[in-house]
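Okay, so the sequence shown: first residue is 1317 according to my numbering, each after it adds one. Cβ coordinates follow ideal geometry from the N, Cα and C atoms, glycine included. Some notes on the structure that comes next.
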Amino acid sequence: MTPSSPALPLQHFASDNYAGMCPNAARWFMEAQTSGHEPAYGEDRWTQQVSEGLRELFQTDCDVYFVFNGTAANSLALASLCQSYHSVICSPVAHIETDECGGPEFFSNGSKLLVGESESASARLGKLTPDAVETLVTKRHDIHYPKPKVVSLTQATELGTVYSVEEVRAIAAIAKRRHLKVHMDGARFANAVATLGCHPSDITWRAGVDVLCFGGTKNGLPVGEAVVFFDRALSEDFAWRVKQAGQLASKMRFISAPWLGLLENDTWLANARHANAMAARLHAAIREVPGVELLHAPQANAVFARLPQPAVNALHAKGWRFYQFIAGGGCRFMCSWDTRPESVDAFAADIRQACTP
Ligand SMILES: *Cc1c(COP(=O)(O)O)cnc(C)c1O
C-alpha cells in the first residue's frame, strides 16, 4: 500500500534503518563477492583497507573493529571500559538505557547505567550537560555506590539534536578531571558531522572521546558498525570480547567492504547531508500546519512533533509508518540517505490533510 506516490517504491519515516544499502556500498559488497577467496575473520584485504581508511579519515592511529549492530558495538565497547562494579553516566533517553535490552549491563557483568537529570532544557533536547555529569560523579564516593567510570554521549542524539564541538569538549573535560572514559554512541555520527561541518576528529579524539561506535547501517550499509578506539590501550583483548559475544563475522569482508563505498568520495557525508536535508524539508513543510506541534528544530535527520491522535490514526491508516515513542504522544519522523523529496512532500501533504478537520 503506497500512500501517495504509487509509481515509486514505498518509503517510510519510521527509522533510517528501513532504507536499503546505498549504491556505493552495494557496489563494494559485490566487489568482495566477485574477487575470489579471502582469509576469514577479518584477515581479508577489505577489512585491512577499511581500517586503514578509517585511520586516514580520523587522522590518527586508532584501532578498528567491526560488529553486526549498534547494540553490540555499544555494549562491548562499554564492557571494555568497565569492571562489573563500575557505572556509566548517560542521558535518560540514551539508546544504551532504553533500547538495548540491558546489553551494556549484561556484557559488562553488571556495570550500572546512571542517568542524568531529565527536566532541564538540555535534557529535553536529549543531551547530557557537564553539570549533570558533575552531579552524578560527585554524588557519592562510598563503597556502596557503583563507581562512575564512563560518560556515554550519543551523537547525533536520540532526539535528533547534535552536541556542538564545544559541548563535547566540555563534557570530556569534566570526564578527564574525574577520571572517566568517554564513549560516543555514533549510530548517527555522520549526521552530526554533516550538521556541524566539522572534521570528524573535532568531535571525537581531538575533543577527548576515547571510543566511538561509528554507525554504518543507518548511513547506507547493509549491516555493520565500526568500533573505533582512539585510546588504543583500551582495546586490549577487545577482539576476544567480540568473538565471545558472537559478533565476529567469519566472512567479515561482507561487513567491511561496503564501508569502502561509504568512505569513497565521502559518500558517508553525502548520505548524511541528504538525510538531514530531507528532515529540514519535512520540518519546513509541516511547521505551519494547524494541530502540528513541533517539539524542537531538527539538527540531524529526525523531526519530532505532536499530532492529534486522530491524525496519527489517519496517517497510519493510509499506510505511513513512523514511531510514537516519546511519552505524551510525540511522533518521530526519520529520514534516511535515500528519502526522496517527493516522499517528504507526499507525507507532508497527508499530514496536512490528516490534521485538517
Ligand atoms: C539505531 C541505534 C543504535 C543501534 O541499534 P541496533 O538496532 O542495535 O543496530 C544505537 N544507538 C542509537 C542512538 C540508535 O539510534
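Comparing C-alpha distances from C1398 to each of H1495, S1517, I1490 and D1360 shows the shortest one belongs to H1495.
As far as DSSP is concerned, C1671 takes part in no beta bridge. Per DSSP, the unbroken alpha helix (DSSP H) holding T1350 starts and ends at P1339 to T1350. In this structure, V1481 keeps its C-beta atom at 9 Å or more from the C-beta atom of L1469.
Going by DSSP, E1482 is part of no beta strand (DSSP E) but of the alpha helix (DSSP H) stretching over V1481 to R1493.
Between the segment 1648–1665 and the segment 1587–1598 there are three or more C-beta pairs closer than 8 Å, enough to call the two in contact. Look at R1361 here: in three-state DSSP terms it is helix.
With contacts defined by Cβ atoms closer than 9 Å, P1574 and G1540 form a contacting pair. The shortest CA-to-CA distance from L1623 to any of L1475, D1666, V1660 and I1405 is the one to D1666. With a cutoff of 8 Å, H1499 does not count as near ligand 1, since its C-beta is closer than that to no heavy atom of the ligand. Taking C-beta atoms under 8 Å as the contact rule, R1637 and H1328 qualify, at a distance of about 4 Å. Residue burial is scored here from C-beta neighbours: N1587 has at least 16 other C-beta atoms within 10 angstroms and is therefore classed as buried. Annotation: the continuous alpha helix (DSSP H) that includes A1389 extends over G1386 to L1397.
Contact annotation: the segment 1518–1528 does not touch the segment 1611–1628, with fewer than three C-beta pairs closer than 8 Å. Sorting P1446, Q1615, V1366 and S1391 by C-alpha distance to the C-alpha of V1558 places S1391 at the top.
Beta bridge pairing from DSSP links G1502 with F1530. Residue burial annotation: D1526 is buried, with at least 16 other C-beta atoms found within 10 angstroms of its C-beta.
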